[in-house]
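This report refers to the structure that appears directly beneath it.
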Amino acid sequence: MRLLGITLPLLAVLMLLNGCAEKEKFIVYGSPQNEGEVEALIKEEDFVERTTVIQYDDSMLVAVQIKPWDKWKKAKLEKKLQKKFDKKYPNKDVFVSADYKIFYEANKIKKDQMEDNKLSDKITELIKLAKEET
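Structure follows, in structure tokens:
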């Protein structure tokens, strides 16, 4: 009977930990031509929690979620990543955003498997939305 008293709480803890399993931290949608390079570039930064990268034509949208303790310096970290990507990919038009709305919409694009002609329009709309000041 005592063994059952120990086993049930242990089982409950294991089930709780299993529910906290990590979600996908790095998602690339579009042409995966340099997926490894992009992933390595982002993994160098310890302040990035999750990332969605959408590549289309000669452009790239990088939507990141910043770890909670680093959110107060989000703009500075966003600029740091932007400079890093601009330096690594000078021939590509790269846009980096740490805004959650952009991250959410980028994941929605990936989930909906958007066509190339609609993808370009949606990305342009997202970039315009990110640059807009409220």
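Under numbering that gives the first Met the number 0, the sequence shown has 29 at position 30, and the numbering climbs by one with no breaks. Heads up, the beta-carbon is just placed ideally off N, CA and C, and yes, glycines get one too. Here the structure is a predicted model, which means the values were calculated and not measured.
What is the DSSP secondary structure of residue i, counted as helix, strand or coil?
i, result
"Phe94", "strand"
"Glu48", "strand"
"Gln64", "strand"
"Gln81", "helix"
"Ala20", "Its pLDDT being 48, under 50, Ala20 is placed unreliably in this model, and the value from its coordinates should be taken loosely. In the structure shown, Ala20 sits in coil (DSSP, three-state: anything other than H, G, I, E or B)."
"Tyr99", "helix"
With C-beta atoms as the reference, is residue i less than 8 Å away from residue j?
i, j, result
"Glu48", "Lys66", "yes"
"Tyr28", "Ile53", "yes"
"Ser58", "Lys91", "yes"
"Val95", "Val63", "yes"
"Ala97", "Lys73", "yes"
Out of the options, which has the shortest C-alpha to C-alpha gap to residue i?
i, options, result
"Lys82", "Ala129, Glu124, Glu44", "Glu44"
"Val37", "Lys72, Leu80, Ala74", "Leu80"
"Lys105", "Gly35, Lys121, Asn33", "Sequence inspection shows Ala at residue 105; the Lys mentioned does not correspond to that position. Comparing Cα positions, the closest option is Lys121."
"Leu60", "Asp85, Glu131, Ala39", "Asp85"
"Phe46", "Asp111, Lys24, Gln112", "Lys24"
"Thr50", "Leu125, Ile101, Gln112, Glu114", "Ile101"
Am I right that residue i and residue j are in contact with their C-beta atoms under 8 Å? What's the rounded C-beta distance?
i, j, result
"Ile26", "Lys109", "6 Å"
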